[in-house]
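Notes follow once the structure below has been shown.
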Amino acid sequence: MAHTYDYIIVGAGVLGLSVANYLSRKGNFKILVLEKHGSIGQGNTSKSAAGFRDLFTSELNIKVSKSSIAYYEYVHKNLKNLGLEKIGYLILEDEQSARRHDKIIPKLKSHTGVDLVDESDLIETGLNTNPSDDEARMMELPHIVRGIFGRNCGVMDPELIAQHYYEEALKRGVEFKFNTEVKKLVIKGYPELGIEGEPFTWQDVKISGVIANDLELNGNVILANDVWVNKLARPAGIESFVSPKKRQIFQLKGDQISKFFRKNKLNNYPGIPFTFLPMVEFYVRPSFTENSIWVGGSDELNRAIEVEDDPLPEKEYFEYNLAPILRQYFGVNNFELSGMWAGQYSMNYIDLQPIIFGDNGIYIVSGSSGSGIMKADAIGRIASSLITGEKITELYGGEYVRSDALTIENRDHEKEEFIF
Ligand SMILES: Cc1cc2nc3c(=O)[nH]c(=O)nc-3n(C[C@H](O)[C@H](O)[C@H](O)COP(=O)(O)OP(=O)(O)OC[C@H]3O[C@@H](n4cnc5c(N)ncnc54)[C@H](O)[C@@H]3O)c2cc1C
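Our numbering puts the first residue of the sequence shown at 3, with every later residue one more than the last.
In structure tokens, the structure reads:
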């Protein structure tokens, strides 16, 4: 029996689910989502720090992030708890980085809430802005001179967002098959001649579907399988422009951690903002459900670009790279390491923006470059418009973008100036 669908989506992470939801609203389509794990969001979505921000300078990024945040706030207030906490983003800067960013502050301020926090206010929050003991001197730690605080930023629970899109997609008749790994894409030549050796180059060669659990399923294929996209795309001769990069999070609890949960002047919240020290590739995020902090880093050089099925966290990475930063700037040296996990960013090294492209039966929605949660809503809307041939996408809140703005061919090339 032929199993035929209008669309087969590979991957039930936040992006596959958002695409499934918005695609199901575009017509009476038969849509199937295939997921190798036993439930939704078990890939990089559940590994995420799930921070969101609209601190961007490019028009496309501003529209994509602002509309997604507005949608999440709407859902959180009216439909379903998303664990959304608007605690703000605090980006700490040394003299050099402050000078570099001075020119973009007016741009940021023109579209969102931004405060510059001076060093004395940072010290008041308990930060040691200028560590100078022997260890700090050996590490040549930079002196923090100010912070950029983004008010329309915060954190969410990534699994609850995935759950929201899943429930919406189910309501609209989208089918799901879990524990189902897609092994390969099926390529056919048309018209089909039934001759050995097909497809021939002179035929109309197309992706006709997938092989999953030894079953052939026919339909337009949407690869939303994040860092694993190349495993299916490359054998079929398709370049995805996605490179996997491992990222880890370490969860800490204990008495010294309670100081991260005091009400502070910056966000007027009983918890620090999501705080970044880009000069030393470090961030710390409060987790309100467990009164813990999550500490992570973003090592670029010396971190291989390679895909892993189940990346494991490295305790030594925490001990030698992150713990000294925590000790020096935040005065934390006594804690319980209560959890750790690792995932991978699907990096698009062309411009660090998502990739949404394809035609002729195959589409790729990936390359979220560490921003897949905060941009998932807009990505789902843009992808579903592109796939159904709509030239313009209406985002939540009524802004419009070109549906091909994140394709490889017609990419919106305005450079993002605020990358940290
Ligand atoms: C440590 C860490 C911190 C992060 N922090 C943030 C943050 O603060 N803010 C933010 O916005 N983003 C953040 N991200 C990025 C964010 O998590 C991702 O951008 C987002 O989850 C990508 O969603 P996805 O649906 O594309 O991928 P995934 O959630 O990985 O989903 C892809 C799915 O495809 C499935 N799959 C793969 N291959 C197959 C196959 N052959 N057959 C069937 N199924 C398959 C996988 O099992 C998986 O469930 C972070 C990521 C990590 C790892």
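Cβ coordinates follow ideal geometry from the N, Cα and C atoms, glycine included.
* Please confirm whether any heavy atom of ligand 1 lies closer than 7 angstroms to the CB of Gly298. => yes
* Asked: Taking 7 angstroms as the cut-off, is the CB of Phe54 close to at least one heavy atom of ligand 1?
  -> yes
* Tell me whether the beta-carbon of Lys247 lies closer than 8 angstroms to the beta-carbon of Gln346. => yes
* To do: Locate the beta strand (DSSP E) running through Pro288, then write down its first and last residues.
  => Phe284 to Ser289
* To do: Compare the C-beta of Val212 with all C-beta atoms of chain D and state if any pair is closer than 8 angstroms.
  => Chain labels in this structure do not include chain D; a single protein chain is all it has.
* Can you tell me whether DSSP reads Trp204 as helix, strand or coil? -> coil
* Asked: By Cβ distance below 6 angstroms, which residues in the same chain neighbour Phe320 in space, the five residues on each side in sequence not counted?
  -> Phe252
* What residues match up with His113 in a beta bridge as DSSP calls it? -> Bridge partners of His113: none, in fact.
* Asked: Does ligand 1 have a heavy atom nearer than 7 angstroms to the CB of Ile197?
  -> no
* To do: Thinking Gly1 and Ala226 are a contact (beta carbons under 8 angstroms), I'd like their distance in whole angstroms, please.
  => For residue 1 there is no data in the structure shown, the boundaries of the chain being 3 and 422.
* Three-state secondary structure (DSSP) at Phe31? -> coil
* To do: State yes or no: is the C-beta of Arg249 nearer than 7 angstroms to some heavy atom of ligand 3?
  => Inclusion of ligand 3 in the displayed structure is not the case, the ligand content consisting of ligand 1 alone.
* To do: Closer than 8 angstroms by C-beta to Ser242: which residues in its own chain qualify, once you throw out the five before and the five after it? Chain order, please.
  => Leu225, Val231, Asn232, Ala235, Arg236, Ile357, Ile366, Ser368 and Gly369
* To do: Using three-state DSSP, classify Glu419 as helix, strand or coil.
  => coil
* In the DSSP assignment, what residue or residues form a beta bridge with Val21? -> DSSP lists no partner for Val21.
* For Val147, three-class secondary structure by DSSP -> strand
* To do: Following the continuous alpha helix (DSSP H) through Gly374, name the residue where it begins and the one where it ends.
  => Gly374 to Ile389
* From Glu310, Gly298 and Ile307, pick the residue whose C-alpha is nearest to that of Glu318; which is it? -> Gly298
* If Thr182 sits next to Ala214, beta carbons under 8 angstroms apart, how far is it from one beta carbon to the other, in whole angstroms? -> 5 angstroms
* Is the CB-CB distance between Val176 and Ser26 below 8 angstroms? -> yes
* To do: Assign Ser70 to one of two classes, buried (16 or more other C-beta atoms within 10 Å of its C-beta) or exposed (fewer than that).
  => buried
* To do: Report yes or no: do three or more beta-carbon pairs, one from the stretch 396-411 and one from the stretch 39-47, lie closer than 8 angstroms?
  => no
* Leu219: which of Lys32, Asn293 and Gly15 sits nearest, CA to CA? -> Lys32
* Asked: Smallest Cα separation from Pro326: which of Asn412, Gly90, Met376 and Leu279?
  -> Leu279
* Asked: Starting from Val231 and walking both ways along the alpha helix (DSSP H), at which residues does that stretch end?
  -> Val231 to Ala235
* Keeping to the same chain, check which residues put their C-beta closer than 7 angstroms to that of Ala2; ignore five residues upstream and five downstream. => The question about residue 2 has no answer here: the residues shown for the chain are numbered 3 through 422.
* Do Gly149 and Leu94 have their C-beta atoms closer together than 8 angstroms? -> yes
* Where in the stretch 218-275 do unbroken runs of the alpha helix (DSSP H), each at least 4 residues long, occur, reported from the N-terminal end onward? -> 231-235
* To do: Return yes when the C-beta of Val12 is under 7 angstroms from any heavy atom of ligand 1, and no when it is not.
  => yes
* To do: Run the CB neighbour count on Leu303, radius 10 Å, all protein chains shown included, and call it buried at 16 or more, exposed below.
  => exposed
* Asked: What did DSSP end up calling Phe332 once you bin it into helix, strand or coil?
  -> helix
* To do: Could you work out which residue in Pro272, Ser300 and Glu126 is closest to Pro288 when comparing CA atoms only?
  => Pro272
* Could you give the uninterrupted runs of the beta strand (DSSP E) lying entirely in the stretch 292-352, keeping only those of 3 residues or more? -> 294-299 and 338-349
* For Tyr364, does the three-state DSSP call read helix, strand or coil? -> For the record, residue 364 in the displayed sequence is Ile; it is not Tyr. Of the three classes helix, strand and coil, the one that applies to Ile364 here is strand, per DSSP.
* To do: Evaluate His5 with the Cβ neighbour count: other Cβ atoms within 10 Å of its Cβ, from every protein chain shown; 16 or more gives buried, anything less gives exposed.
  => exposed
* **Extent of the continuous beta strand (DSSP E) run through Asp96** => Tyr91 to Asp96
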